């Protein structure tokens with residue numbers, strides 16, 4: 001039975017939208033597969049890991065009739081990638097296999113029944129929805145994703161808090177040592193709710209979203225969240241738990257602050273980091289009048305010192321930080337300058353963007 005006849009690019013583009021969440025080896029073999037469906041002149045690929053489901057659809061691919069079958073997501077993707085551009089592809093189903101034909105190449109892939117593919121639970125009809133441009137949502141995620149915890153026992157930190165109220169969207173991430181906060185105005189939807197979106201979902205959204213002005217529709221239910229944009233829909237379970245009160249973590253205005261060229265500070269920190277302790281990654285920032293010195297040392301008694309000229313007339317401060325936390329925020333920002341604010345040697349440092357009140361990054365000090 002002929003399933004699909006199309007060119008390589010149309011098939012690969014749609015398939016690649018869903019394969020990011022697929023694990024090659026899984027306790028349930030069908031979770032390594034992609035569900036391939038043809039109905040009403042729409043070809044769709046669906047992948048799931050039981051926590052997230054991604055579905056991508058295409059009306060460019062031609063086929064006849066209706067069909068539903070699952071096959072290995074990664075193997076099909078690897079085959080399509082290995083073929084030359086503009087190659088014509090034919091997919092045939094023969095018994096329990098899919099035959100992929102391209103020129104003189106032939107590939108037989110095993111299938112599993114579509115009926116066995118896990119169905120992601122549908123919403124209860126009480127979802128709240130908002131719209132936001134892809135560009136803005138992608139920017140928000142970028143500004144906080146690096147502060148999410150990874151495999152923390154406090155599972156609610158392994159994700160990103162999304163707060164919707166007053167016509168705004170606020171996103172927050174923290175691993176207990178630093179916190180990143182960003183906000184933006186919504187296009188539509190006056191919703192009042194907050195949810196924790198899992199880390200894997202955030203990273204998958206960053207992979208799929210583009211810097212376009214086209215809208216993303218976000219539907220939030222009791223136990224899941226759905227993002228719909230272009231020809232992609234991503235459903236995800238939400239993390240249950242109570243996120244820390246971020247408003248108590250962000251300090252009130254500090255009087256000791258300076259503005260510095262982001263790249264200049266980034267490069268100075270990168271050089272100082274070379275001789276920092278490999279395990280603790282500590283550096284000292286020593287503020288004196290119109291100067292900040294960045295000092296690192298390690299267990300082999302090696303030391304690095306960088307000095308950056310700044311406009312500063314505040315208190316002398318000698319404060320330690322994990323240099324990786326500072327590099328994260330500087331690498332994930334695209335502003336010309338960054339503003340650094342401090343209370344004293346025992347207080348958190350706050351990093352913001354000049355003239356931009358919608359972003360804040362708070363880092364706990366460390367003893368060095």
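Residue numbers (my numbering): 1 to 368. Glycine residues also receive a C-beta, built at the ideal position from the N, C-alpha and C atoms. These numbers come from a predicted model, not from an experiment.
Query, Result
"CB-CB under 8 Å to residue 281, same chain, minus the five flanking residues each way: which ones, in chain order?", "273, 322, 323 and 324"
"What is the C-beta distance between residue 235 and residue 52, in whole angstroms, given that I count them as a contact (C-beta under 8 Å)?", "7 Å"
"Just how far apart, CA to CA, sit residue 146 and residue 362?", "13 Å"
"Write down the C-beta distance between residue 249 and residue 340 rounded to the nearest angstrom, noting that I regard them as a contact closer than 8 Å.", "With 8 Å as the limit, residue 249 and residue 340 do not qualify as a contact, their Cβ atoms being about 17 Å apart."
"Given 8 Å as the limit, is there contact between the segment 36-43 and the segment 57-72, that is, 3 or more CB pairs closer than that?", "yes"
"Spatial neighbours of residue 215 within its chain, please: C-beta separation below 8 Å, excluding the five flanking residues on both sides.", "131, 132, 133, 134, 187 and 229"
"With distances taken between CB atoms, is the gap from residue 137 to residue 209 smaller than 8 Å?", "yes"
"Is it the case that the Cβ atoms of residue 71 and residue 111 are separated by a distance below 8 Å?", "yes"
"Hey, residue 30 and residue 117 are a contact pair by Cβ (cut 8 Å); roughly how many whole angstroms apart?", "6 Å"
"Pick helix, strand or coil for residue 7, following the three-state DSSP scheme.", "strand"
"Which same chain residues end up closer than 6 Å to residue 286 when comparing Cβ atoms and leaving out the 5 residues on each side of it in sequence?", "293 and 318"
"Between the beta-carbon of residue 212 and the beta-carbon of residue 55, is there less than 8 Å?", "no"
"Going by Cα to Cα distance, which pick from 69, 310 and 151 is closest to residue 3?", "69"
"Please report the straight-line C-alpha distance between residue 333 and residue 200, rounded to a whole angstrom.", "21 Å"
"State the Cα-Cα distance for the pair residue 104 and residue 120, rounded to the nearest angstrom.", "38 Å"
"If residue 11 sits next to residue 79, beta carbons under 8 Å apart, how far is it from one beta carbon to the other, in whole angstroms?", "Wrong, their Cβ atoms sit about 10 Å apart, outside the cutoff."
"Identify which residue in 238, 219, 165 and 178 has its Cα closest to the Cα of residue 195.", "238"
"Where does residue 150 land, buried or exposed, given buried means 16+ other C-beta within 10 angstroms?", "exposed"
"Taking all protein chains shown into account, do 16 or more other C-beta atoms lie within 10 angstroms of the C-beta of residue 153, making it buried, or fewer, making it exposed?", "exposed"
"Taking the beta carbon of residue 221 as the centre, do at least 16 other beta carbons fall within 10 Å, making it buried, or is it exposed?", "buried"
"Do the CB positions of residue 244 and residue 350 come within less than 8 Å of each other?", "no"
"Could you please give me the residues that DSSP links to residue 337 through a beta bridge?", "261"
"Between residue 66 and residue 20, which are expected to be in contact by the criterion C-beta below 8 Å, what is the C-beta distance as a whole number of angstroms?", "Contact doesn't hold; Cβ gap of about 27 Å is too wide."
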